[in-house]
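At the far end of the sequence shown sits residue 211, using full-length UniProt numbering, and the numbering has no gaps.
Backbone N, C-alpha and C define an ideal beta-carbon position, used for all residues, glycine too.
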Amino acid sequence: MYNIAIAIINWGQKMSLSERLKSAMKNSGFTQASLAEAVGMAQSSVWKLVSGEASSSRRLVDIARVLGVDAEWLQHGGESETLKNKPLPPFETMTGKYTELAVIKGDKVTNNKFLIPTSIFKSSLKAYEIESDTGINEITKGSIVVIDPKELPSQNDLVLAEINKNISAYKYIKNANNDYLSVDDSRIPLVTVGDSINLLGVIILLSKQYK
1 MYNIAIAIIN
11 WGQKMSLSER
21 LKSAMKNSGF
31 TQASLAEAVG
41 MAQSSVWKLV
51 SGEASSSRRL
61 VDIARVLGVD
71 AEWLQHGGES
81 ETLKNKPLPP
91 FETMTGKYTE
101 LAVIKGDKVT
111 NNKFLIPTSI
121 FKSSLKAYEI
131 ESDTGINEIT
141 KGSIVVIDPK
151 ELPSQNDLVL
161 AEINKNISAY
171 KYIKNANNDY
181 LSVDDSRIPL
191 VTVGDSINLL
201 GVIILLSKQY
211 K
């Protein structure tokens, strides 16, 4: 048993900061976007830590607190991250500043969570991870969008819709005769809103990673 314990500690020491961070994020259900939101730092800074481009950050203590792991373990390795601290809800969630939404990918609910400000939270809201680039330039693969299925779309609102089993983002165009879905490329024809289209909801919040 002694040898096994030593092996676990040594393994933790050999892990890089990037590997420890990715492990902690996976265990607590954070994406890079939601972690950046919870800590209050740029997503590009989180990406640098996760990718190994950066080997340290002055925000590591805050990151450890949000992930519910030991800051010393996250910074330098050593004992298992759960030896001193077991994963806790994000600090912002516990203080009521943010509320967690389960992230939906395709038609399945994932283990990932997205933090949304409590001030705009409604029970009807849903968070989706975009699986491929859309016709809306700012909504790309990997973006997280929060939609309100109960809100009626207004002119030029961004919406999430399912067409032929493909979920994507569109701009909503209201017309006297018919309503349409459009994209940023004007060469692509408008899509008439009808029974064959599953309008999932109006997009009220977008989170994306630029690098």
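Would the beta-carbon of residue i fall within 9 Å of that of residue j?
i	j	result
L206	I167	no
S18	G68	no
S132	K141	yes
G135	Y170	yes
K105	E129	yes
Please report the distance separating the alpha-carbon of residue i from that of residue j.
i	j	result
S23	K165	33 Å
I173	M15	51 Å
I188	S182	8 Å
Q43	R58	15 Å
P149	V202	6 Å
Where do the N-terminal and C-terminal ends of the beta strand (DSSP E) with residue i fall, by residue?
i	result
K105	98-105
S132	Careful: S132 lies outside any beta strand (DSSP E) and carries neither H nor E.
L152	Neither: L152 is in no beta strand (DSSP E) and is coded neither H nor E.
L35	Note, L35: premise wrong, no beta strand (DSSP E); alpha helix (DSSP H) at 32-39.
K108	108-117
The alpha helix (DSSP H) with residue i in it runs from where to where?
i	result
N27	17-28
I63	60-67
E138	Segment: none, E138 is in no alpha helix (DSSP H) and carries neither H nor E.
L190	It is not in any alpha helix (DSSP H) - L190 carries neither H nor E in the DSSP assignment.
E72	71-76
S44	43-51
In the DSSP output, what is residue i paired with across the bridge?
i	result
K171	L158, S182
L199	A161
D148	V202
**OP:** Pair every Cβ in the region 28-35 with every Cβ in the region 105-119, then say whether three or more of these pairs are closer than 8 Å.
**Re:** yes
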